[in-house]
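For reference, the structure discussed in these notes is given below.
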DNA sequence: CACCATGTTCCTTG
DNA sequence: CCAAGGAACATGGT
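In the numbering used here, the protein residues as written are 10 to 292.
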């Protein structure tokens, strides 16, 4: 469930539920997610600690905690990978099959579940160093974007997935943003005109912001104690009839473009699927 | 059995 | 040294 908008919505929903809660016990079922933190180290740091803040950076969840001994704060980072979910469960509810970590907060467990185990739950913050600006932030200016694209011959679609260029864009919203900007996913980054770059920046910001708005207004099947967050809006959702229509091109191979009715095409770039309209995105 | 999947990291090649 | 491409990680759905 993992691109910037989904993480943003999750963070905002989770924050008030975790705030000021004290960790009683930590159960680690998949050590791999902690890399390179050792399980004993994570348990020692978390047990008795208290959640004081939660924020999003790119696709990461950044938990700020106050240690058991009360001095200062420290950071815990979560990443949902491809299939990660985080939510609260009553302590008497069974933990799901692919539970990575379960944190006992007293009456409930804060659960990190991840079917494919690509996600992370760690004290290692080194990955934050290489991240580029937030696409919705002030630092992501037209000038920055133009400058960053000028140095690369890589296809613009592939470039958008580069977290060092702009942090938080994933495969779905990269495809959608290029469509809204009317830019071909195959266009080499350095070939974008100033006008195209401006349109793309605008499309990125608008597409991401709209997805966040949708996620915040969406009637989630998750009051904080349900069994699933039900949060990821792509795919078949719970009770959302207009769900499929949210995407203009992603996953719509062979279906008519919503603007010109030309069949949407699927190509492979950097081993990932790209969906686009060959007519609306000619250059 | 085949192919596909919201992500990141590591290794190889040029 | 760098850029770019591909595989690996692991599980499940269609």
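All residues carry an ideal CB built from backbone N, CA and C; glycine is no exception. Nothing here was measured: the structure is a model prediction, and the numbers come from that model.
With 16 other Cβ atoms within 10 Å as the buried cut-off, status of residue i
i, result
"residue 248", "Unreliable placement is indicated for residue 248, whose pLDDT of 46 sits below 50; no coordinate value is reported for it."
"residue 193", "buried"
"residue 91", "exposed"
"residue 103", "exposed"
"residue 120", "buried"
"residue 206", "buried"
"residue 272", "exposed"
"residue 156", "exposed"
"residue 135", "exposed"
"residue 150", "exposed"
"residue 82", "exposed"
Distance between beta carbons of residue j and residue i, contact taken as under 8 Å
i, j, result
"residue 188", "residue 285", "6 Å"
"residue 163", "residue 197", "7 Å"
"residue 70", "residue 16", "6 Å"
C-alpha distance - residue i paired with residue j, whole-angstrom precision
i, j, result
"residue 101", "residue 11", "28 Å"
"residue 78", "residue 30", "15 Å"
"residue 112", "residue 137", "24 Å"
"residue 283", "residue 80", "48 Å"
"residue 115", "residue 88", "24 Å"
"residue 26", "residue 267", "39 Å"
"residue 270", "residue 203", "28 Å"
"residue 250", "residue 218", "For residue 250, the predicted model reports a pLDDT of 49, less than 50, meaning its position is unreliable; a value from the coordinates is still stated below. So the alpha carbons of these two residues sit roughly 21 Å apart."
"residue 208", "residue 43", "39 Å"
"residue 160", "residue 37", "43 Å"
"residue 257", "residue 35", "42 Å"
"residue 280", "residue 260", "16 Å"
Cβ-heavy atom distance, residue i to the ligand ZN, below 7 Å
i, result
"residue 215", "Among the components modelled here there is no ligand, and therefore nothing to report on the ligand ZN."
Identified DSSP bridge partners for residue i
i, result
"residue 131", "86"
"residue 123", "93"
"residue 101", "DSSP lists no partner for residue 101."
"residue 283", "276"
"residue 117", "99"
"residue 69", "66, 88"
"residue 197", "164"
Cβ contact check for the stretch 135-150 and the stretch 56-68: 3 or more pairs under 8 Å | Segments in contact, yes.
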